[in-house]
Amino acid sequence: MIHPIMDRNRKWMPGFGAVLLILLSHKTSALEVPLDPKVLEGLPQPPTITLQSPKDYIFDPRENIVIHCEAKGKPHPSFSWTRNGTHFDVEKDSKVLVKPGSGTLVIDISGEKAEAYEGTYQCTAHNEHGTAVSNNIVIRQSRSPLWSKERNEPIVVQMGVSLVLQCRPPAGLPPPVIFWMDNNFQRLPLDKRVSQALNGDLYFSNVLPEDSRPDYICYARFPHTQTIQQKQPISVTVLNKSPMGERRPGFMTPLGITSTQMVLRGETLELECIADGLPTPEMSWQKDGGELPSSRMSFHNFKKTLKISDVSEADAGDYRCTATNSLGTAHHIIKVTVKAAPFWVSAPRNLILAPNETGILTCRVSGEPKPKISWFVNGIPLENAPVDHSRKVDGDTVILSNVQSGSSAVYQCNASNEFGYLMANAFVNVLAEAPRVLTPPNRVYQVITNNPALLHCASFGSPIPTITWFKDSQTSIKNGDPFVIHENGTLEIHVAQPLNSGKYTCIATNNLGIKENHVYLEVKEPTRILKQPEYKVVQKGMSAVFECKVKHDPSLVPTMTWLKDDGELPDDERFDVDTDSLTIKDVTDGDEGTYTCIMNTTLDQDSASAMLTVVEKPDPPTDLELTDQTERSVQLTWIPGDEHNSPTQKFLIQYEDLLHQPGVWINLTEVAGTSTTAQLNLSPHVYYSFRVLAVNHVGYSQPSQPSSQYRTNPAAPDENPSDVQGVGAEPGNLVISWTPLTGFQSNGPNLEYKVQWRQKDVDNEWSSETVANVSQFVVSGTPTYVPYEIKVQAVNYYGSGPEPEVVIGYSGEDLPLSAPESVQVMVHNSTLAEVHWEPVSFPSVRGKLQGYKVYYHRERGLHETEGETEQQEQVLTFSGNRSEGRLPGLQPYSLYNLSIRVLNSKGEGPPSPSKTFETPEGVPGPPSFLNVINPSLDSLTLEWGPPMNNNGRLAGYTLKYQPVNNTNELGPVKVMTFLANETTTTLGNLNSSMLYKFYLSAKTIKGSGPIITEEALTVMDTAVPSRQVDIATQGWFIGLMCAIALLILVLLIVCFIKRNKGGKYPVKEKEDAHQDPEIQPMKEDDGTFGEYSDTEDHKPLKGSRTPSNGTVRRDESDDSLVDYGEGGDGQFNEDGSFIGQYSGKKEKDTHEGNESSEAPSPVNAMNSFV
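Throughout, my numbering is defined as the position within the sequence shown, counted from one, plus 5.
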C-alpha cells in the first residue's frame, strides 16, 4: 500500500530534453513491504508473528499438546518460550519438541501427568532487527468429572402444581451439554408446558397425571472427551385426589419482578423466562423504549428463551417478558448491561521509514471499562527499555522522530481491562532503498470505451517513491479530469475514449534513484446487440428463429452463447446455433421459455432475451351433455380442452342426422370462445348427434366425441319448396319446377307436393295436383304466352306446410307473327346512319320481347356499277322495346340495304320490307404505295398508287417533302399538288448526298386523307468535295492543312473509305466516323446507297442503310406526315418551313386527314442545310 505524507516538488530531466515538470508527490507514514519474493530478497525485516495458538487452549489429555508459534523476518528469527512468566528451556525437556524453522511446540504427554504442562505460555521471535512476542496462551486440560453420589427422594405432587427437577451437573472443562432421557435412552418430550432451562433444570408449568414416571434422568455430555455422565433417576408421582385449580401465571425463573444480566460486546445475549400457571401460559417479549433487533434475534424453547447475536452497546436496556393465560398476565423485567473486552479501533501497523524520517505508531482501542494501554519495545516495557530521545510516548501513540539506520525494532501494544486484553506487534524498519517498479513492464491494458481504465504502477522504495505519469513519453499527465493519480501510483481514466489509447510511462523517484516502466492502453469498441431477439409465438411442429446480430470490436474474439431460462440449451439436434441466430426446429411444448443470447468478449458482454410461446390447435372439448330437452330445442354443455397458449376464439357445433344423412356432419351454430353451453334449435323427425370443435388462432381442434343421440318427433313441414318457377318449354304447355325439400326439412314421412295453378287475371278456380319424389310438373293445353299464378305446398303424413306464396309464370312462347313497319333511315355523315321503325303490337310478339334485329349490307360504291361488289351482311341487335337505333362504321359514298325483325325468346319474326340508303363522300384512304426510284446527284423520281378506298370522287394528291441533315434537323417543306390521274413525278434541283423525307396524301372534296411517308438519299458526288464543310467541327485539321496539302488529301481518302465501311446513319456513329455531313460515300461492292430504315421501337433516323435498287424505302411506305408534324395535313409557317423538328414516333397505322400527331422532341443542331 502507498500512503500520503506530504506534497513536494521534484525535477526530472528526461533523455530527450530538459523538461520542467510539476510532479504529484506522495509521502507516507507507513510503507508496506511487498510480498513479491524478488523484492523481499535482500531486504532486512524485523520479525512478524504469522501464526499462534488461541489465548485459551484446552487440550485433550489423550493427545499431544501443540502450541503454535510461527514468524517471518530477514534474517529468519529465532524462537524462545516462557511459561508462567519464566524462561521455559525446551531443550532440557525430552517430551517437548520444537518444529524446525518455527517456534511451534509439540509436547508428548503420553505416560506423563498432563497437569504438569498446564500454565501460561508466551513465544518470542527474535532477529538482529527486533523481537516480536505472541499472546499469552493459557494451556488447560479438559475435564469430565463424575457425578457426586446422591440419593434422590421420590417426588409426589398434586395435579396442576408447578415442578422443577434439578440437574446440577459436575463442573467440567469446557462445560457439558445437558439433556433429559429415560431408562431406555429416549429423550423426554418437551413443549410449552415442560421445558429445559439454560442451566439444565427441567421445569413443569403444571403437572399432569401422565407426567408420573420413575426414570427422569439428567445426562451431561463433555465435548472434548466425548464422555457422558448421568444423574441418579428421579421418580415423580402426580396425584389426582385434590388437584389444584386454575391460576394466574407466575415466574419460576427468574424470581421477583426484576433481574439483571451482563453480556459482553460481540457475544450472544440469552434471556430466559419460565412461568407456571394453569392453563399453561403463553410467552412474549419486548424491549422497553426500543425495538427488538429482528435481524439478529431468535426465539427458542417455545419462546421462553430470547437470543440476540453479535451484541452491541445499543442492545443494553430493559427487556420485558410477559406470561399470559386466560386468568391474567405476569411481567418480569431483565435489565441488560453491555460490557466490552478491549477491541481494536485502529491497530498499530508496520512502518518502513527512511533515515531521518518521522513515523507514528497508534494503538487505538475501546472497551468497557476503558482499557489500559501499555507499550513494549522488543518485548520489554518502554519504561524499562534503553532511553531513546527520538521516541516519544503519548498515551496510545508513539512518535519516532528522525530515525536513523540501525534503529529498527518491534513495538508491542497491550490494551487490557477486567474482561480481557489485546496485544499487537508492529515493527519499525529503517530502510534506505532506491525505487523499484513492481508492475511488469510493457503490460497491455484493454478496456471498453466509456469504462474506467486503471493503469498500475506498483512501486517500492525508501523513502517512498514519487510517481509521475507520461503519455506517449512526452505529455505529462496532471492529476485532474479525466485523469486521477491514486496514492498507490495507479493512474485512473474515469471514462476511457479511443483517443486515450497509447503508451504510458510511469516514473518512480526518490532521493536514492529513479525507475521508469512502460504500459500500454487499448480502448476497444463496446460489444452491442444491434438486432435483439423478438418475442415469438410459434405453432407446435414449426420452426422458431431468434436473431441476435452483434457489433463488436474487430480485434476482440467474440463468443456467442445462448441460454434457455438462464440455463444451457438442451442437448438436442433440433437447436441450431448460427453466428447470429438460433433456430429451433420442430418446436415442442417443452421448448417454451425465455431465450437469451449473450455475446462475450474478453472485456465485456451484452445480452438480450425474448420469450418463445408454443401454440397449437386446441384440444377437443370433452364431456358433452344434453339438458333442457324439448321438442324443438336442447341445451348442450361441454368442458373446453387445453388452449395451448392460444385463446379459444369460438366453438363450432355440428350435428349428424342419423336418420336421413348418417355419417355426414353439418355445421349448426357457433358460440363465443368463452362459452361452454349453447341453446340449440332443432327440427322434427331428426335423429340428432352433436359434436363440438374449438377454434383458436392456429385452427380447428379435432372434433369432440359425439354426444348421446337425441330424437325429435315428426311434425307437419315448416317450409315449402323454394325456387318455384313457371316456364313454358314449348307452345301450349307450362312447366312448373321447384327445389325439393331435403329429408331433414321434411319433418316427417310420406313427403309430397301439392301443385296449384290458374291463369292470371281470369276468374278461374285453382287447378291442383299432388305429386311425390319429383321436382317439376307439366301443365298442357295452355294458351301461348299467358301469365299463370302458381303455388307449390309441402305435405307429409302429419299435415301440410304453411300457405305457399304465389309465383307468376308464363306458358310457352311461339315465333312473332308480324314485322316492324314504317322503316325510315336518316344519314348523319359518311359513316353513321340512324334507323327508325314502328314497333309491333305485343300480342303479335307471342312471347317475351327480347328486342329488334337490324340486318344491313353494302351493295356497292356509288362510283361503281351494279354487281361490281357485294359485302357480307351485318347485324345489330337493339334490346328491349326500341323504335330506333344507330348504324356506325359505314363506308362513305356507298349504297346500303337494310331490314328489321322483332325478336322473342323463341326466335325472330318476319323481316320488314327492304330499305335502301346512300352515304355521302368522305376523305380517301392513304395512297396504296409510295416508291422512290432512279436516284441521282440532284433528282429523285417518285411513283405511287391510288387509295384502296377512294370514299368519293378522287380530286388529286398532295406531296410534301423536306431535307434531313445528319443531326436530324428538318429543312424547309416544299408542297406539290397533282391531279387524280397523275401517279409519278421527278423532283429536280436536289442536294447531292442528302436525305429527303416525303409525305403523300390523296384528297376528295371532303379533304385530304391519311399520309404515307418515305425517305430517300440522293447520290453522292465523288468528284468534287462538298462546299459545305463545317470548319468548326473539323478544327483539328486546320494546322495540318496549313502545313501539308498532301496530308489533307490522304485524310479525305481515309474518311471516304471509313464512311463506305460504316454504312450507319445515326448521328452518334457519324460523329464517331468524323465524316463531312454533306458527303455520302458509295458502297464499294455495288456502288449503291446505304439504306436508312426505322427500327421497330419507332425511333426515327436510327436504322441501318442497306441497298434496295438504289431507292431508299420504308416498309410499305405507309408513314403519315402526322408522325412528324402537328396535323394530318401538316402545318407550315408563312415562309413554308415545316413546324417542328424531325422527331417523334413512327406509327404503322394510317390516320384520318385532320388527325393530329404527337409533338416532336428537340434535337441538337450540328450542321446547316445547303
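We put the beta carbon where it would ideally sit given N, CA and C, even for glycine. All values derive from a computational prediction rather than experimental measurement.
Closest residue to residue i among the options (Cα-Cα distance)
| i | options | result |
| --- | --- | --- |
| G646 | G494, S478, R369, T627 | T627 |
| N954 | Y1004, N330, S1013, A677 | S1013 |
| D1 | P736, W743, P503, P719 | The shown model of the chain, from 6 to 1175, leaves out residue 1, and the question about it has no answer. |
| Y962 | I1010, Y1001, L995 | I1010 |
| I813 | Y857, P807, R763 | R763 |
| S919 | V697, K590, S933, S904 | S904 |
| S816 | G852, A838, V797, D624 | G852 |
| Y324 | P66, L387, E296 | E296 |
| D187 | P219, G930, H134, G177 | P219 |
| V830 | S823, A838, A824 | A838 |
| Y416 | F190, W86, H134 | H134 |
Distance, residue j Cα to residue i Cα
| i | j | result |
| --- | --- | --- |
| L568 | P298 | 42 Å |
| L436 | P49 | 8 Å |
| Q1177 | Y860 | Shown here, the chain extends from 6 to 1175; a query on residue 1177 therefore has no answer. |
| G494 | V555 | 37 Å |
| Y1147 | I1053 | Bear in mind that a pLDDT of 37 at Y1147, under 50, signals an unreliable position, so the number given afterwards is only what the model happens to contain. Roughly 34 Å between the two C-alpha positions. |
| S58 | T125 | 12 Å |
| K397 | E362 | 15 Å |
| E1019 | G894 | 30 Å |
| N132 | I385 | 15 Å |
| G47 | T601 | 55 Å |
| P174 | A225 | 7 Å |
| G885 | P722 | 42 Å |
| L995 | N986 | 25 Å |
| L664 | S751 | 12 Å |
Paired residues, beta bridge with residue i - DSSP
| i | result |
| --- | --- |
| T836 | In DSSP, T836 forms no bridge with anything. |
| P470 | Paired residue(s): none; P470 is not in a bridge. |
| D61 | V143 |
| F475 | S481, T510 |
| H841 | Q829, E889 |
| K569 | G572, Y600 |
| R441 | F465 |
| M267 | T342 |
| E661 | W670, S694 |
Three-state class that DSSP yields for residue i in the structure shown
| i | result |
| --- | --- |
| K622 | coil |
| C602 | strand |
| G733 | coil |
| I2 | Because the chain spans 6 through 1175 in this model, residue 2 falls outside it and cannot be assessed. |
| G1133 | Its pLDDT being 38, under 50, G1133 is placed unreliably in this model, and the coordinates cannot settle the point. |
| C462 | coil |
| S849 | helix |
| N1114 | Confidence in N1114 is poor, its pLDDT being 37 and thus under 50, which makes the residue's placement too unreliable to answer from. |
| N157 | coil |
| S1122 | Interpretation of S1122 is limited by its pLDDT of 37, a score under 50 that renders its predicted location unreliable; the figure taken from the coordinates is listed afterwards. S1122: helix per DSSP, three-state reduction. |
| G372 | strand |
| S751 | helix |
| Q1039 | Note that Q1039 has pLDDT 49, beneath the 50 cutoff, so the model's placement of it is unreliable and no number is given. |
| L959 | coil |
| V1059 | helix |
Distance between beta carbons of residue j and residue i, contact taken as under 8 Å
| i | j | result |
| --- | --- | --- |
| D293 | G322 | 7 Å |
| L151 | Q237 | That pair is no contact at about 12 Å. |
| N422 | A359 | Wrong, their Cβ atoms sit about 38 Å apart, outside the cutoff. |
| Y450 | W474 | With a Cβ gap of about 13 Å, Y450 and W474 do not count as contacting. |
| F64 | S147 | 7 Å |
| T53 | F432 | 7 Å |
| T787 | L739 | 5 Å |
Contact with chain C by residue i, beta-carbon distance below 8 Å
| i | result |
| --- | --- |
| I144 | No chain C is present in this structure, which holds just one protein chain. |
heavy atom of the ligand NAD below 7 Å from residue i C-beta
| i | result |
| --- | --- |
| L535 | As presented, the structure is devoid of all ligands, the ligand NAD included, so that no description of it is given. |
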